[in-house]
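Visitor:
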Amino acid sequence: MTRAGIVTVVGKPNAGKSTLLNRIIGQKLSIVSPKPQSTRDRVVGIHSDGDVQMIILDTPGLLHPKYALQRAMRSTALQALKDADVIVHLVDVGEHSPEPLHVAAALEHPPRARVITALNKVDLLSAAQRGALALNSPDARLISAISGEGVPELLSFVAQHLPESPFLYPEDEVSTQHLRFFVSELIRETALEQLSDEVPYSMACEIEEFREQKQPVYIRAVLHVERDSQKRILIGAKGQRIRSIGQAARIKVESLLGQSVYLDLWVKVLPNWRKNAHALARFGYRVEEERQQ
Ligand code: GDP
Ligand code: MG
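Residue numbering for the sequence shown follows this note's numbering, beginning at 7 and increasing consecutively.
1) In whole angstroms, what is the alpha-carbon distance linking alanine 287 and alanine 210?
2) Name, in chain order, the residues that DSSP records as bridge partners for glutamate 260.
3) At a threshold of 7 Å, does threonine 14 count as lining the ligand GDP (C-beta to nearest heavy atom)?
4) My output table needs one value for proline 19: the three-state DSSP class, helix, strand or coil.
5) Whole angstroms are fine: how far does the CA of lysine 244 sit from the CA of leucine 96?
6) Only counting the same chain, and skipping five residues up and downstream in sequence, which positions put a Cβ closer than 8 Å to that of glutamine 236?
7) Ignoring anything shorter than 3 residues or poking outside the segment 226–280, list the beta strand (DSSP E) runs there in chain order.
8) Identify, in the order they occur along the chain, each residue of the same chain with its Cβ nearer than 7 Å to the Cβ of lysine 258, setting aside the five sequence neighbours on each side.
9) Any idea which residues DSSP pairs arginine 120 with across the strands?
10) Going by Cα to Cα distance, which pick from Ser190, Ala21 and Val109 is closest to valine 128?
11) For the ligand GDP, I want to know if isoleucine 31 counts as a neighbour, meaning its beta carbon is within less than 7 Å of at least one of the ligand's heavy atoms.
12) So, do the segment 114–121 and the segment 129–146 have three or more beta carbon pairs nearer to each other than 8 Å?
13) Near leucine 148, which residues of its chain fall below 7 Å by C-beta distance, leaving aside the five closest residues on each side in sequence?
14) With the cut-off set at 8 Å, would you say valine 92 and valine 164 are in Cβ contact?
15) Note the first and the last residue of the continuous beta strand (DSSP E) segment covering alanine 210.
16) Is the beta carbon of alanine 151 within less than 7 Å of some heavy atom of the ligand GDP?
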């Protein structure tokens with residue numbers, strides 16, 4: 007009998023959700039960044055191992071929603087909680103008194119699914135600190151998403167709580183989302199890496215054209231920002247910064263696709279897109295009304 011189900015990874019910004027997902031899937035799907043709140047849409051990865059299949063959802067941080075963008079992020083996270091068979095609540099070990107998930111996420115009721123708490127970044131602790139932590143938090147799993155320590159044990163524990171079910175997807179399918187989404191995430195990640203703090207959350211990447219039949223593959227992408235001043239920063243003196251972003255992003259996209267790529271990268275101003283429901287929907291964010299559990 008096989009087991010299969012949805013595993014939602016949830017936690018504060020910077021807890022290491024994307025890092026954990028990438029480790030589990032073994033391929034770079036969700037973007038990892040030291041800047042909080044950079045995962046804007048949930049990424050579905052599929053992990054099939056032996057007789058277990060996990061459909062894994064990464065969530066944006068459960069934030070206090072302020073802009074339309076943040077509301078879209080929170081409703082995405084709430085939906086992913088609702089869809090889950092098992093929830094992995096990832097907590098940074100550096101956090102002193104972490105709240106239970108339903109408190110941290112301001113849910114009316116604790117979620118239906120089994121919640122497994124995983125304390126991440128144990129690689130930063132001494133052996134003595136780990137020992138103390140294991141004693142104080144007997145129900146939590148100690149892991150390091152970066153080194154992989156404790157991750158196989160976490161996965162087998164999660165598997166025990168999945169329902170008996172046939173596999174939900176073909177075994178070799180890594181993701182249900184379009185390649186385009188991952189390409190746009192890689193470009194956005196590269197831009198984040200090369201920029202100072204002024205621009206990041208005002209930036210969305212849209213793939214306007216993706217011609218796989220061409221050799222090299224032709225991809226036209228646009229980085230949308232909210233203001234002219236941000237556009238100038240992104241382009242840089244004599245176009246130097248955007249060229250450098252484009253080159254670095256092309257190398258990542260080539261490694262994802264396994265083919266050479268011509269990346270035609272543009273910067274455009276779309277005033278106040280983060281407050282604009284049409285623009286949010288166009289960039290793939292969910293803008294439906296927030297629904298509680
Ligand atoms: P997210 O916002 O929850 O998706 O967090 P990310 O996966 O983007 O990680 C945030 C930061 O924490 C990044 O700089 C990661 O490299 C770092 N990080 C994630 N997991 C670990 C870990 O196990 N150990 C250490 N030392 N750092 C980690
Ligand atoms: Mg993330």
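Where is the CB? At the ideal position from N, CA and C, for every residue including glycine. Remember, predicted model here, so these are calculated numbers, not experimental data.
Guide: With the given structure in hand:
1) CA-CA distance, alanine 287 to alanine 210, rounds to 12 Å.
2) In DSSP, glutamate 260 forms no bridge with anything.
3) No, since every heavy atom of the ligand GDP falls outside the 7 Å radius drawn around the Cβ of threonine 14.
4) coil
5) 43 Å
6) Glu204, Val205, Ser208, Met209 and Val275
7) 267–275
8) If we look at lysine 258 and ignore the five residues flanking it on each side, its Cβ neighbours are Leu192 and Thr196.
9) Answer is Val92.
10) Ala21
11) no
12) Flag = no, the segment 114–121 and the segment 129–146 do not touch.
13) Leu125, Val128, Arg136, Leu139, Ala140 and Gly156
14) yes
15) 210–217
16) yes
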